[in-house]
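See below for the structure under consideration.
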Amino acid sequence: MKVGVLTAPLDDQPLDEALEYLAGIGVQTVELGCGGFTGDGHLSTDTHLDDEDAQAEVLEAVEKYDMEISALATHNNPLHPDDERAEEDDQQLRDAIKLASQLGVDAITCFSGLPGGSPNDETPNWITAPWPSEHLEALEYQWEVAIDYWSEINDLADEHDVDIGIEMHPNMLVYEPQGMLKLREETGERVGANFDPSHLYWQGIDVTEAIRLLGEEDAIHHFHAKDTKVYDANAREKGVLDTTPYTDEPDRSWLFRSIGYGHDESHWKDVVSTLRMVDYDGALSIEHEDSLTSGREGLEKAVDVLSRAVFETTPGEAYWAE
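Counting from 1 along the sequence shown, just add 103 to a position and that's the residue number in this note's numbering.
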């Protein structure tokens with residue numbers, strides 16, 4: 104495993120400068136946003152897709168700092184009930200798959216998307232309970248839409264030899280491991296997880312058990328290193344389905360935190376060890392969304408913790424077991 108970074112917090116500076124900084128703090132891989140909510144400050148499908156010269160500049164910059172590109176990120180909603188929005192997001196996703204293939208990158212990261220609750224809806228509808236019964240009917244409709252769409256995307260990804268890493272995210276159809284496995288089973292093996300534990304912590308999901316569950320099915324295509332802290336004083340009063348703005352930190356039930364500020368270093372060593380047990384050997388791509396510190400400080404503290412957690416060698420012979 105290698106310590107990586109999703110470069111979005113550094114989009115305000117040129118790619119070469121961002122890479123120089125990241126290399127200087129010990130980062131080995133980068134995940135580049137190329138559209139959607141993640142932005143495209145360092146890589147744009149509009150300027151890089153099918154342009155060998157533009158792609159060569161990116162690859163040369165990454166190689167200059169002895170790095171690798173772990174994935175291209177395009178987080179959006181291609182299942183949006185607004186046809187114009189869905190078409191735009193779908194095109195971004197398809198372009199990201201093609202660009203990844205042209206760059207020799209083997210994964211993209213994204214969301215599953217979320218449809219409306221019926222063909223007549225105008226707004227995505229996140230269903231969290233089977234009752235009243237119309238909610239269950241809406242959920243069944245959403246899965247039909249998703250399976251049709253992602254089956255087609257799976258085939259496109261397979262054609263381009265690229266894996267799809269879906270981030271399990273609330274307010275999207277796939278937000279937990281069982282849903283991830285269902286979508287994969289119904290669509291194809293190119294569909295898998297961009298395993299981001301931050302969204303699982305506050306749902307009460309055991310992260311290492313989730314890694315084992317998905318890892319047994321070879322369903323982890325990429326990994327986001329991102330922490331979350333649940334603040335019990337608020338959660339005891341209003342639970343964790345919290346619509347308080349992220350910037351109203353004192354009143355939220357939970358916050359995204361830099362690595363080590365939601366769970367201690369021992370926990371992250373357990374996460375890394377469990378990933379090794381299920382043969383994941385890809386990037387631990389740090390996603391900084393901690394509103395209590397700056398992007399650079401958050402990245403540096405996360406790299407510090409993960410650099411002590413990752414193993415740098417392959418396992419040796421278990422001579423003591425012979």
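Cβ atoms here follow ideal geometry from the backbone N, Cα and C, with glycine treated the same way.
Exposure of Gly342 is indicated by the presence of fewer than 16 other C-beta atoms within 10 angstroms of its C-beta. By DSSP's assignment, Arg360 forms a beta bridge with Asp330. With at least 16 other beta carbons inside 10 angstroms of its own, Met170 counts as buried.
Going by DSSP, Ser388 is part of the beta strand (DSSP E) stretching over 386 to 389. Cβ-Cβ distances below 6 Å link Leu113 to Ala121 in the same chain, with the five nearest sequence neighbours on each side left out; the list follows chain order. Under the three-state reduction of DSSP, Ser173 is assigned to strand. The alpha-carbon of Ala322 is positioned some 32 Å away from that of Glu225. For Val248, no beta strand (DSSP E) segment is defined; the enclosing uninterrupted segment is the alpha helix (DSSP H) at 236 to 262. Taking 8 Å as the upper bound for CB-CB distance, Tyr349 and Ser394 are in contact here, some 6 Å apart.
The beta carbon of Pro300 lies closer than 6 Å to those of Val310 in the same chain, with the five residues before and after it left out. In terms of Cα proximity to Pro273, the closest of Thr290, Ser215, Gly295 is Ser215. Within the DSSP bridge table, the entry for Asn297 names His325 as partners. By the criterion of a C-beta distance shorter than 8 Å, Leu284 is surrounded in its chain by Leu316, Leu317, Glu320, Ala322, once the five residues flanking it on both sides are discounted. Val108 and Thr396 have their alpha carbons spaced roughly 16 Å apart. Around the beta carbon of Glu400, fewer than 16 other beta carbons sit within 10 angstroms, so the residue counts as exposed. By the C-beta criterion, the region 399 to 415 is judged to be in contact with the region 353 to 368, since at least 3 inter-stretch pairs fall below 8 Å. Selection Arg293, Trp229, Pro280 evaluated against Ser254 yields Arg293 as nearest (Cα-Cα).
Comparing alpha-carbon positions, the option among Glu390, Asp330, Thr346 lying closest to His366 turns out to be Asp330. Gly342: not part of any alpha helix (DSSP H); DSSP gives it neither H nor E. With respect to Leu242, Leu217 sits apart: the two C-beta atoms are not nearer than 8 Å. About 6 Å separates the Cβ atoms of Gln205 and Gln158, confirming a contact at the 8 Å cut-off. DSSP, reduced to helix, strand and coil, places Thr148 within a helical segment of the structure shown. Burial is judged here by how many other beta carbons sit within 10 angstroms of a residue's own beta carbon; Thr290 has at least 16 and is buried.
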